[in-house]
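Asks: Protein chains in written order, with our numbering: chain A, 24 to 347; chain B, 179 to 470.
Backbone N, C-alpha and C define an ideal beta-carbon position, used for all residues, glycine too.
Shown below is the structure under consideration.
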């Protein structure tokens, strides 16, 4: 197990290095940020001074090496636009994205798994068909359009909920959170609902497919023969067996939901990292783009590792195979 | 079942699911309508000369100064929304099929060859694919669309990069289980070129799962294109796809002019839902584990 983990860690390191090079070169290819930074009628001297100040006069490979060197020291550079350290900038936006994503994914799982299991248990009942229709819509309807409809219905027409921003926040561990205030929840409800619909649909389908398959197996037949109630069978056998793909998806989707929050945050002007990256793309704020992509890559590599480890914890067969 | 060909057997089973049959007809109807858009649309939405600014942002059912009724209203440029939607569908379907097709060809080629060659090549290719799959497609497409700039070519490139890995993974899975079967051994023992064995012997047997992925991915690339266009990273403004129509209407929605965003969205959703319903039925039919 330890050797396996060390091997995986080394691989992850190489992958990070490759990604950093790709990201750096890729982002370097976008336009000329200096045109965005200084006014077009600035004198040649100011222009050259600015290019030098941002290190843009160096050759590409030199810039990359410098970038890597700073990276190791935890310095991701300064944002061209906000003129503050990128890490602080992203750090200040992460809580907003984190709480939004967490509420969305948790809600989708807690609601989607039981409904999906029911739909798999009774595939032909009317309720199951209704659940499946709902999930097909959740799967098919683009997030951004649902967001617009939600804003139009609940914010413009009914006026029940606000259409954007985080609302009031309260401080916990020195960080501002919306979920600690009633007003914050009101602001979070629509974007969280918007973000969770796709994951909800996915959880329903996963749980349904798994339940349908497992209900046909001998495990269930034996449990029935042993006189267990249907509810016990669903809870003790089916839920445990389908929990493996669901945990995977929970982990992987948590990351991709954070990425997908880009769309939701843009629509609801939720001041998270997603909105930050869209703004930085449109203003060619290179250090922010590079740092964001690096952090996302890092995040995904860590998640993949964690999912692998929880696999081993959930499925004894994998544990013994790996130990052997 | 007495039907002779596999396709006929497949169809007779498909026919039993009425929802899927309806969805299939909807998909075919939408594609035909989109193809015929220049013939049936009341207005050419790209011809700026025919647009009347006075007619801008009028509600559905408004009779314009040109004398015809705007059944779905007009947008901010006085464009007839029904016409804009018909032309938008054309673009969305076109992008979806082209991007899906290229992603299919690229992914399937990589996946089957990886399975065929095995060893280091396989490990390397699949490692890259797995790595890419762990990265969210939306983010990849977003960054690429931003890097490559606006236009059809860059957009398709971004969509292909975001999607080919799904085909590669599926093709690799199917092909490596075929690879160990005896008929492949038999084919390899004859002096046939490897490409011929891959394309004529292995590939046809991998098609069923690939067809399922293809339907889902075409629907996905249509949705992804709309999302990118909505974020302003898709097609240029001169050729509005459905996503851009929705995006253009966003600012008017807050003042209650819902139709500019809602109707293109409805068209988009009908298309995607119909494709997914068809894909669902095919998936259920091809899943051997659901057969008793």
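Ends of the alpha helix (DSSP H) at residue 417 (chain B)?
Replies: Where residue 417 (chain B) is concerned, there is no enclosing alpha helix (DSSP H), given that its DSSP letter is neither H nor E.
Asks: Going by Cα to Cα distance, which pick from A:162, A:142 and A:163 is closest to residue 153 (chain A)?
Replies: A:142
Asks: Helix, strand or coil for residue 435 (chain B)? Go by DSSP, reduced to three states.
Replies: coil
Asks: Just tell me which of B:399, B:459 and B:428 has its CA closest to the CA of residue 408 (chain B).
Replies: Per the Cα distances, B:428.
Asks: Helix or strand or just coil, what does DSSP make of residue 268 (chain A)?
Replies: helix
Asks: Would a check of beta-carbon distances place residue 422 (chain B) closer than 8 Å to chain A?
Replies: no
Asks: Which of the three DSSP states is assigned to residue 200 (chain A) in this structure?
Replies: strand
Asks: Sorted by chain position, which residues of the same chain lie with C-beta nearer than 7 Å to residue 146 (chain A)'s C-beta, five sequence neighbours on each side aside?
Replies: 235
Asks: Taking only runs of the alpha helix (DSSP H) that begin and end inside the region 317-396 of chain B, which ones reach a length of at least 4 residues, in chain order?
Replies: 330-357 and 360-367
Asks: Which residues in chain B have a C-beta closer than 9 Å to the C-beta of residue 106 (chain A)? List them in chain order.
Replies: Going along chain B, no residue has its Cβ under 9 Å from residue 106 (chain A), so there is no contact; the nearest lies around 22 Å.
Asks: Say whether chain B places a C-beta atom closer than 8 Å to the C-beta of residue 149 (chain A).
Replies: For residue 149 (chain A), the answer is no, since every Cβ of chain B falls outside 8 Å of its Cβ.
Asks: Taking a contact to mean a Cβ-Cβ separation below 8 Å, would you say residue 265 (chain A) touches residue 224 (chain A) in this structure?
Replies: no
Asks: Evaluate residue 179 (chain B) with the Cβ neighbour count: other Cβ atoms within 10 Å of its Cβ, from every protein chain shown; 16 or more gives buried, anything less gives exposed.
Replies: Because the pLDDT at residue 179 (chain B) is just 49, under 50, the model does not fix this residue reliably, and the point stays unresolved.
Asks: Taking 8 Å as the cut-off, decide whether the C-beta atoms of residue 103 (chain A) and residue 310 (chain A) are in contact.
Replies: yes
Asks: Can you check whether the C-beta of residue 208 (chain B) is within less than 8 Å of a C-beta belonging to chain A?
Replies: It does not: the Cβ of residue 208 (chain B) has no partner Cβ on chain A nearer than 8 Å.
Asks: Following the continuous alpha helix (DSSP H) through residue 180 (chain A), name the residue where it begins and the one where it ends.
Replies: Per DSSP, residue 180 (chain A) belongs to no alpha helix (DSSP H) and is neither H nor E.
Asks: Under a CB-based cut-off of 8 Å, is residue 203 (chain B) close to chain A?
Replies: no
Asks: If we ignore side chains and look at the alpha-carbon of each, how far apart do residue 288 (chain A) and residue 272 (chain B) end up?
Replies: 29 Å
Asks: Under 8 Å between the Cβ atoms of residue 452 (chain B) and residue 197 (chain B)?
Replies: no
Asks: Could you spell out the range, first to last residue, of the alpha helix (DSSP H) harbouring residue 95 (chain A)?
Replies: 83-95
Asks: For residue 49 (chain A), which residues in chain B fall below 9 Å Cβ to Cβ?
Replies: Here the neighbours are 321, 322 and 325.
Asks: Using only the alpha-carbon positions, how far apart do residue 218 (chain A) and residue 127 (chain A) sit?
Replies: 6 Å
Asks: Quick one: Cα of residue 187 (chain B) to Cα of residue 206 (chain A), how far?
Replies: 58 Å
Asks: Could you give the DSSP three-state label for residue 101 (chain A): helix, strand or coil?
Replies: In the structure shown, residue 101 (chain A) sits in a strand (DSSP, three-state: E or B).
Asks: What in chain B is Cβ-close to residue 270 (chain A), meaning under 8 Å?
Replies: Under the 8 Å cutoff, chain B gives no residues; its nearest Cβ is about 15 Å from residue 270 (chain A).
Asks: Report buried or exposed for residue 456 (chain B), applying the criterion of at least 16 other Cβ atoms within 10 angstroms of its Cβ.
Replies: buried
Asks: Near residue 343 (chain A), what residues of its chain come up, given a Cβ to Cβ distance below 8 Å and the 5 sequence neighbours on each side ignored?
Replies: For residue 343 (chain A), the predicted model reports a pLDDT of 49, less than 50, meaning its position is unreliable and no value from the coordinates is stated.
Asks: Would residue 278 (chain A) pass as an interface residue toward chain B - the criterion being a Cβ-Cβ separation below 8 Å?
Replies: Output row for residue 278 (chain A): interface = yes.
Asks: I'd like the span of the alpha helix (DSSP H) that includes residue 143 (chain A), first residue to last.
Replies: 109-144
Asks: Please decide whether residue 142 (chain A) counts as near chain E, where near means a Cβ-Cβ distance under 8 Å.
Replies: Considering every chain present, this structure includes no chain E. Its protein chains are A and B.
Asks: Contact criterion: CB-CB distance below 8 Å. Does residue 33 (chain A) meet it with respect to chain B?
Replies: no
Asks: Please classify residue 156 (chain A): does DSSP put it in a helix, a strand, or coil?
Replies: helix
Asks: Report whether the distance from the Cβ of residue 192 (chain B) to the nearest heavy atom of the ligand GTP is below 7 Å.
Replies: This structure lacks the ligand GTP; in fact it carries no ligand of any kind.
Asks: How many Å lie between residue 345 (chain A) and residue 259 (chain A) at the Cα?
Replies: Below a pLDDT of 50, predicted positions are generally treated as unreliable, and residue 345 (chain A), at 43, falls in that range; no measurement from the model is reported.
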